[in-house]
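What the sequence shown shows, in my numbering, is residues 551 to 674, in sequence order.
For each residue, glycine too, the CB sits at the ideal point set by N, CA and C.
Predicted, not measured: the structure shown is a model, and the values here were computed from it.
What follows is one structure encoded as structure tokens, with my remarks underneath.
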Amino acid sequence: MSLPLGILLRSGGHEAAHYALVLATGAAAIGRPAVLFATNGGCHLLRRDTPLPHDPREALLAGRGVAGVAPLLAAAAELGVRRIACEAGLRAEGLDATALAEGVEVAGVVTFLAAVGQGQMLAL
């Protein structure tokens with residue numbers, strides 16, 4: 551079994567969030583466990599009403615044949631990517647757990663570190 555890939559998303563910007571999803575879904579597609587841990591601005595990606603699919607960059611990506619945020623979010627859920635919103639990050643952004651998409655956990659950094667274990671970790 552492959553070691554997990556842990557992705558720490560600190561930014562709420564489109565570019566970082568998009569690539570966090572690319573990495574997470576790519577890992578999951580090849581059978582590697584993936585954990586996406588969003589904190590601070592990154593928590594906005596995991597909102598039920600995330601604004602990122604409305605970012606102007608989405609049209610550019612679609613026009614070039616690149617999957618955007620919305621299809622990657624759906625793929626992440628379908629592929630079993632573990633999505634965790636940082637409890638402290640939610641508070642820092644003034645977000646409530648009820649704002650999160652279905653299937654998103656709320657936990658702290660210790661949970662993330664335990665989930666990744668000896669696997670690789672990336673920060674965006």
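Residues of its chain near Ala651, where Cβ-Cβ distance is below 7 angstroms and the 5 sequence neighbours each way are ignored: Leu596, Arg597 and Arg598
Cβ pair Phe662, Val585 closer than 8 angstroms: yes
Kindly identify the DSSP beta-bridge partner or partners of Phe587. Leu558 and Ile634
At which residues does the beta strand (DSSP E) containing Glu655 begin and terminate? Glu655 to Ala657
Would you report the Cα separation of Ala579 and Asp605, rounded to the nearest angstrom? 26 angstroms
Per the contact definition of three or more C-beta pairs closer than 8 angstroms, is the segment 609 to 618 in contact with the segment 656 to 670? no
Note down the Cα distance separating Glu637 from Leu558, rounded to an integer number of angstroms. 14 angstroms
Extent of the continuous beta strand (DSSP E) run through Ala673: Gln670 to Ala673
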